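To convert, count from 1 in the sequence shown and add 676; that's this note's numbering. The beta carbon of each residue, even a glycine, is placed where N, CA and C say it ideally should be. Keep in mind that this is a model prediction, so the values were computed, not measured. Note sheet for the following structure.
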Amino acid sequence: MDIILLGPPGAGKGTQAHRLVEHHGMRQLSTGDMLRGAVSTGTPVGLKAKAIMDRGDLVSDDIVSELIDAELTAMGPATGAIFDGYPRTEAQAQMLDGILEKHGRKLDHVIELEVDEDALVERITGRFTCANCGAGYHDKFNKPETPGVCDRCGSTEFKRRPDDTEETVRKRMGLYRAETAPILPGYEARGIVNRVDGMAAIEEVTHAIDCILAD
Ligand code: AP5
Ligand code: MG
């Protein structure tokens, strides 16, 4: 099963993707994580992407689509994919159709996380992740069980994203409205869009997604 998790910055795409990976053995394909990996290892893609990401703009459609294509090639047909943060433009949505066809795959669900934008700034500016395993946390909504220690791997090192400032978040939200939301009608026409209340508690959102996947 292949699904897209769609929603503005801070909607909970990464949080829910991690949980789906644990529950269903699917694979998370986050273009944001791939790009951050490329930035931290200093690859040519990373060198190109860093400044664009830091100011909250979109990296080129070709670059992110090539990253997705390469990941699908590496993971093989048996594992389901969770597209997190991709596609983000009409051009990417078309590219994804071509990539899926090439790999003999098809989209089962586009799950839109519906959220109140005013709450997202607080979500994003309070977000941090484990520097070792990438588990996601929040200062208020999703704290580690033992303060300062990652629940998943026991690391005591955490990090925050350079693009998680209020100014950049607002810019990313504007781009979501202008570039990403317009891809929804195309998926609606195919009858594969499901909406979930992304303002519910994290566990409830996961439950709602599980119900969609079980349908
Ligand atoms: P990307 O990494 O994809 O960032 P984003 O889309 O802005 O989304 P976020 O990762 O900020 O939010 P999320 O929905 O994953 O929320 P999370 O689960 O962490 O992209 C970053 C940049 O890379 C882009 O700006 C662009 O430059 C570039 N890029 C990436 N993909 C691209 C593409 N396809 N094309 C072009 N450029 C691309 O949750 C947020 C916080 O809230 C967490 O702390 C979490 O614990 C908490 N939380 C989550 N759910 C809940 C809940 N239900 N209740 C309370 N708290 C919650
Ligand atoms: Mg994310």
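*Ser-741, enclosing alpha helix (DSSP H) - first and last residue*: Note, Ser-741: alpha helix (DSSP H), 737-751.
*asked:* With a threshold of 6 Å (Cβ to nearest heavy atom), would His-699 be considered close to the ligand AP5?
replied: Checking the Cβ of His-699 against the ligand AP5 gives no.
*Quick one: what does DSSP say Leu-734 is sitting in, helix, strand or coil?*
Residue state for Leu-734 is assigned as coil, using DSSP reduced to three classes.
*Could you have a look at Ser-831 and say whether DSSP puts it in helix, strand or coil?*
Residue state, collapsed to three classes: coil.
*Would you mind sorting Cys-806 into buried or exposed? The rule is 16 or more other CB atoms within 10 Å of its CB.*
By the 16-neighbour rule on beta-carbons within 10 angstroms, Cys-806 is buried.
*Quick one: is the Cβ of Lys-847 within less than 6 Å of any heavy atom of the ligand MG?*
No, the Cβ of Lys-847 stays beyond 6 Å of every heavy atom of the ligand MG.
*Can you tell me where the beta strand (DSSP E) with Ile-679 in it begins and where it stops?*
For Ile-679, the uninterrupted beta strand (DSSP E) segment begins and ends at 678-682.
*asked:* Can you find the residues in the same chain that come closer than 8 Å, C-beta to C-beta, to Val-791, ignoring five residues on each side of it along the sequence?
replied: Excluding residues within five positions, the ones whose Cβ falls inside 8 Å are Gly-683, Pro-684, Gly-686, Ala-687, Gly-688, Gly-874 and Met-875.
*Take Arg-712 and list the residues in its own chain whose beta-carbon comes closer than 8 Å to its own, dropping the five residues that flank it on each side.*
Hits under 8 Å: Met-729 and Arg-837.
*Test: Tyr-863 CB closer than 7 Å to a CB of chain D*: You won't find chain D in this structure, because it holds only one protein chain.
*If you check the beta carbons only, do Asp-760 and Ile-800 fall under 7 Å apart?*
The Cβ-Cβ distance between Asp-760 and Ile-800 does not fall below 7 Å.
*asked:* Which residues does DSSP list as the beta-bridge partners of Gln-704?
replied: DSSP, once it has assigned bridges, lists Ile-758 as partnering Gln-704.
_Helix, strand or coil at Thr-805 according to DSSP, with G and I counted as helix_ = Assignment of Thr-805 by DSSP, reduced to helix, strand and coil, places it in the strand class.
*According to the Cβ coordinates, are Ile-878 and Ile-758 closer than 7 Å?*
A distance of 7 Å or more separates the beta carbons of Ile-878 and Ile-758.
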